[in-house]
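So the protein sequences, as listed, match chains A and B.
For the first sequence, position 114 matches number 114 in the working numbering, and the numbering has no gaps at all.
Whatever position you read off the second sequence (first residue = 1), add 1000 for the working numbering.
Using N, Cα and C, we set each Cβ at its ideal position, and we do this for glycine too.
Read the structure below first, then the notes.
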Amino acid sequence: MRKTYYLFNPGRLSRKDNTLQYTAYDEQGLPGQVKYLPIMDVADLYVFGSLDANSSLYNFLGKNGVSVHFFDYYEHYTGSFMAKEYLLAGKLQVQQTQHYTSKTKRIALARKFVEGSAFNLLKNLRYYQSRGRDVAAHIDQIEGYVAALPFANAVPELMGLEGNIRQTYYSGFDRLVPTDYAFGTRTTQPPQNELNALMSFGNMLCYSACLSQIYHTQLNPTISFLHEPGTRRFSLALDLAEIFKPLLVDRLIFRVLNKREIRPNDFVQDLGRCVLKEPAKKTVVRVFEERLKETIQHRSLKRSVSYQHLIKLECYKLTKHLMQMEEYKPFKAWW
Amino acid sequence: MYVLLVYDIREKRVGKMLKLCRRYLNWIQNSVFEGEITEVKLKELLAKAHNFLDTDEDSVLIFKSRSQQWLEKQVVGQEKNKLDTFL
C-alpha cells in the first residue's frame, strides 16, 4: 500500500530525477540533509509546516496521482491540491445528483449516515459503561433520539437530531477522560479548551482521510446528502466522516488522554484559543496513522481489512446504492 | 511485498540505476534500497533496468519477503537514512 507522508518541518520539496526530493531546513533556515521519497510509494502528502515548492513539482505530483493536503498554523484544514480526476463516471455522477435533488432519496441516505454515526458512538459509550464509567443516562437519552430518526422528514430536522445526539455524547466525555480536562461545550473556530482542540484536530484528520478515499472511487466529493453541499468544500467527506469519527477520532482522544500520551502541558492557551504544541500534534498524527493501518477481520469479505480500507468500502457501498444495485447500509462497528 | 535490492554496477551505468531505484524504493545505503513494492512495480523497475544494464558485467540482487514484519533488520553503527513518513 502506498504511504502517507506528513511534513512537519519547514523544507523544500522538489522534483528531481523523476522522483521527490525533500530538503529540510534547520532553525537558521539553512538546507539540511537531502531525502528522496520514492514517488511510486507516496499516496498523499499532509503539509503542516511551511513548504517550498514550485509548479513543476505540482505537475509531477498531479501526473502521479498524489494529492497534497494543507493545514495552517492553527492546524485547520485549509485546502488540497488534488491530482486530476482519474476515475470519471458520468452515469454515477448523474445518479448522485439525482439522489441529492430527490427529497425522498436524499433523506433516506442522510438518515443512514446519522444512524451509522449514532450506532458507533453508542458503541463507544457502551464500552466505557462496561468498564464501570457511569454513562447510562447518556446512552438512554441518545437511544431516545435514535428512535426518533425514522420520523424526521426533512434534512434540517435530521441535522438537529444529529446535533442533539452529539451534544449528549460530548456531555458524557467528562466521565471518560482524566479529570484534568473539562469538556464544557463544543467550541470550534477557535476551540477554547484542550478537549475541543484535540477534537478539532482529530476531526480534521478524519475529513482528509475520507476525502483521500473518496478520491480513489468514482464518487463526486462535492455532492453530499446529510450536509448541505456548499461551494469550495468537499462535503461528501463530511457525511462519511460522521460514521467514522467515533471510531477514528473519539477513540483516539480517549486513548491519548487515558494513556497519558498527551498531557495538559502539551497545549498552548492564548487569546481565548487552545492549540496543540508541535510534538503533541506529531503524537496525534502518529496514533491516527497507526489506527488507519490497523486491521480487523471483515465479516462478509472474510479477510482482514484496514480501517483506511473500511472508508473506501463505505464509498463502494454508497456507489452501489446510488446505482440502485444494493441498498446502502451504514458501517456499524461489530467489535 | 517487502524487498531489499542490492546492486553492483559499472560506474558508467550506476547513476542511472540509482535514479531509477529512488523512484520505487527507499535508499538506505550506497547501492542498497529497501521498501514496500508490488509484484508488478518490481517487474516494471527491472524492465526499465534492463534497458541499460549490461548483464555480462552488472549484478542486481533482490531479497523478497512477504511483508516488512518478516524481515528483521539490525543496524550496527550509523543508520544512513532513517525510514520515516514524518518529515
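Closest Cα partner of residue i within the set the options
i, options, result
"residue 257 of chain A", "A:141, A:9, A:178", "A:178"
"residue 92 of chain A", "A:321, A:333, A:273", "A:321"
"residue 98 of chain A", "A:193, A:225, A:253", "A:225"
"residue 101 of chain A", "A:140, A:305, A:250, A:228", "A:228"
"residue 1046 of chain B", "B:1087, B:1018, B:1070", "B:1018"
"residue 1008 of chain B", "B:1049, B:1077, B:1078, B:1035", "B:1049"
"residue 1026 of chain B", "A:24, A:81, A:4, A:36", "A:36"
"residue 3 of chain A", "A:18, A:32, A:65, A:56", "A:65"
"residue 248 of chain A", "A:259, A:310, A:269", "A:310"
"residue 328 of chain A", "A:33, A:106, A:10", "A:106"
"residue 1039 of chain B", "B:1032, B:1063, B:1055", "B:1063"
"residue 62 of chain A", "A:71, A:25, A:81, A:312", "A:81"
"residue 10 of chain A", "A:194, A:26, A:103", "A:26"
"residue 95 of chain A", "A:319, A:326, A:332", "A:319"
"residue 284 of chain A", "A:142, A:313, A:253", "A:253"
"residue 59 of chain A", "A:313, A:5, A:18", "A:18"
"residue 221 of chain A", "A:204, A:237, A:207", "A:237"
"residue 239 of chain A", "A:217, A:207, A:260", "A:207"
"residue 1013 of chain B", "B:1059, B:1041, B:1042, B:1044", "B:1059"
"residue 1079 of chain B", "B:1037, B:1029, B:1004", "B:1029"
"residue 308 of chain A", "A:282, A:250, A:244", "A:244"
"residue 1083 of chain B", "A:157, A:291, A:72, A:5", "A:5"
"residue 205 of chain A", "A:51, A:264, A:33, A:292", "A:292"
Spatial neighbours of residue i in its chain, beta-carbon cut-off 6 Å, leaving aside the 5 residues before and after
i, result
"residue 1061 of chain B", "1006"
"residue 280 of chain A", "262, 266"
"residue 242 of chain A", "113, 117"
"residue 304 of chain A", "295, 297"
"residue 186 of chain A", "170"
"residue 246 of chain A", "120, 121, 124"
"residue 14 of chain A", "21, 57"
Environment of residue i [buried if 16+ CB atoms lie within 10 Å]
i, result
"residue 120 of chain A", "buried"
"residue 162 of chain A", "buried"
"residue 301 of chain A", "exposed"
"residue 213 of chain A", "buried"
"residue 271 of chain A", "exposed"
"residue 1075 of chain B", "exposed"
"residue 330 of chain A", "buried"
"residue 48 of chain A", "buried"
"residue 199 of chain A", "buried"
"residue 54 of chain A", "exposed"
"residue 209 of chain A", "buried"
"residue 56 of chain A", "exposed"
"residue 31 of chain A", "exposed"
"residue 235 of chain A", "buried"
"residue 131 of chain A", "exposed"
"residue 1051 of chain B", "exposed"
"residue 84 of chain A", "exposed"
"residue 218 of chain A", "buried"
"residue 67 of chain A", "buried"
Terminal residues of the beta strand (DSSP E) in which residue i lies
i, result
"residue 31 of chain A", "31 to 37"
"residue 1062 of chain B", "1059 to 1065"
"residue 49 of chain A", "That residue, residue 49 of chain A, is in no beta strand (DSSP E); it is neither H nor E in DSSP."
"residue 1007 of chain B", "1002 to 1008"
"residue 304 of chain A", "304 to 306"
"residue 333 of chain A", "Per DSSP, residue 333 of chain A belongs to no beta strand (DSSP E) and is neither H nor E."
"residue 297 of chain A", "295 to 297"
"residue 21 of chain A", "19 to 25"
"residue 301 of chain A", "Segment: none, residue 301 of chain A is in no beta strand (DSSP E) and carries neither H nor E."
"residue 13 of chain A", "11 to 16"
"residue 7 of chain A", "3 to 7"
Close Cβ partners of residue i (< 8 Å) along its chain, the five nearest in sequence each way excluded
i, result
"residue 1066 of chain B", "1001, 1002"
"residue 334 of chain A", "299"
"residue 115 of chain A", "146, 149, 330"
"residue 1016 of chain B", "1052"
"residue 287 of chain A", "252, 255, 256, 261"
Own chain partners of residue i with C-beta closer than 7 Å, once the 5 adjacent residues on each side are dropped
i, result
"residue 172 of chain A", "125, 135, 138"
"residue 197 of chain A", "191, 267, 274, 275, 276"
"residue 1057 of chain B", "1010"
"residue 38 of chain A", "19"
Limits of the alpha helix (DSSP H) - the one that residue i falls within
i, result
"residue 160 of chain A", "155 to 171"
"residue 141 of chain A", "136 to 148"
Counting only runs of 3+ residues fully inside the stretch 259 to 292 of chain A, write out the beta strand (DSSP E) ranges in chain order.
-> The qualifying runs are 267 to 270, 273 to 276.
Entirely within the stretch 174 to 247 of chain A and at least 4 residues each: give me those alpha helix (DSSP H) ranges in chain order.
-> List check, alpha helix (DSSP H) in window: 194 to 215, 235 to 245.
Could you name each continuous beta strand (DSSP E) segment of 3 residues or more that falls completely within the stretch 53 to 112 of chain A, going from the start of the chain to the end?
-> Scanning the stretch 53 to 112 of chain A from its first residue to its last, the whole beta strand (DSSP E) runs of 3-plus residues come out as 67 to 71, 77 to 81.
Give, in chain order, every unbroken run of the beta strand (DSSP E) that is at least 3 residues long and sits entirely within the stretch 1022 to 1082 of chain B.
-> Fully enclosed beta strand (DSSP E) runs of 3 or longer: 1026 to 1029, 1032 to 1036, 1059 to 1065.
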